[in-house]
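Using UniProt numbering, read the sequence shown as starting at 1 and increasing by one per residue.
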Amino acid sequence: MRISRSQEQWQTIIEDQQNSGLTIIDYCQQQQLTTSSFYAVRKKLSLSSGNFVRAKITQQVELIEEQTFITVSVGKANVSLPASTSVTYLSLLLRELI
Numbered sequence: 001m002r003i004s005r006s007q008e009q010w011q012t013i014i015e016d017q018q019n020s021g022l023t024i025i026d027y028c029q030q031q032q033l034t035t036s037s038f039y040a041v042r043k044k045l046s047l048s049s050g051n052f053v054r055a056k057i058t059q060q061v062e063l064i065e066e067q068t069f070i071t072v073s074v075g076k077a078n079v080s081l082p083a084s085t086s087v088t089y090l091s092l093l094l095r096e097l098i
């Protein structure tokens with residue numbers, strides 16, 4: 001017996017499969033859907049939705065920028081400052097060191 005589903009129902013089914021972590025074949029077997037119907041409707045919905053692809057975050061990654069330093073050497077003294085140090089502060093420091 002063929003079951004008729006709305007576009008919204010199919011959208012939910014497709015999203016559920018994507019979130020399930022199951023392959024399409026395993027998901028369709030579990031939900032008693034034919035894979036041919038699943039693929040056909042998924043293709044139809046992707047064409048009608050402007051090729052929007054839903055992204056899923058699978059892993060959070062923290063990006064750490066390597067901090068760069070400015071090193072000033074005057075005689076035997078070395079001063080290292082973060083590269084983000086303001087120009088005003090650097091000019092005052094250089095005036096005091098020289």
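Yeah, the Cβ is synthetic: ideal placement off N, Cα and C, and Gly gets one too. Small disclaimer: the values here were computed from a predicted structure and weren't measured.
According to the DSSP assignment, L81 belongs to the beta strand (DSSP E) that extends over 77-82.
Secondary structure of T35 (DSSP, three-state): helix.
DSSP places T71 within a strand segment (E or B) once states are collapsed to three. Below 8 Å, enough C-beta pairs join the segment 6-20 and the segment 38-47 to call them touching: three or more. In its chain, beyond the 5 residues on either side, T35 have a beta carbon closer than 8 Å to the beta carbon of I25.
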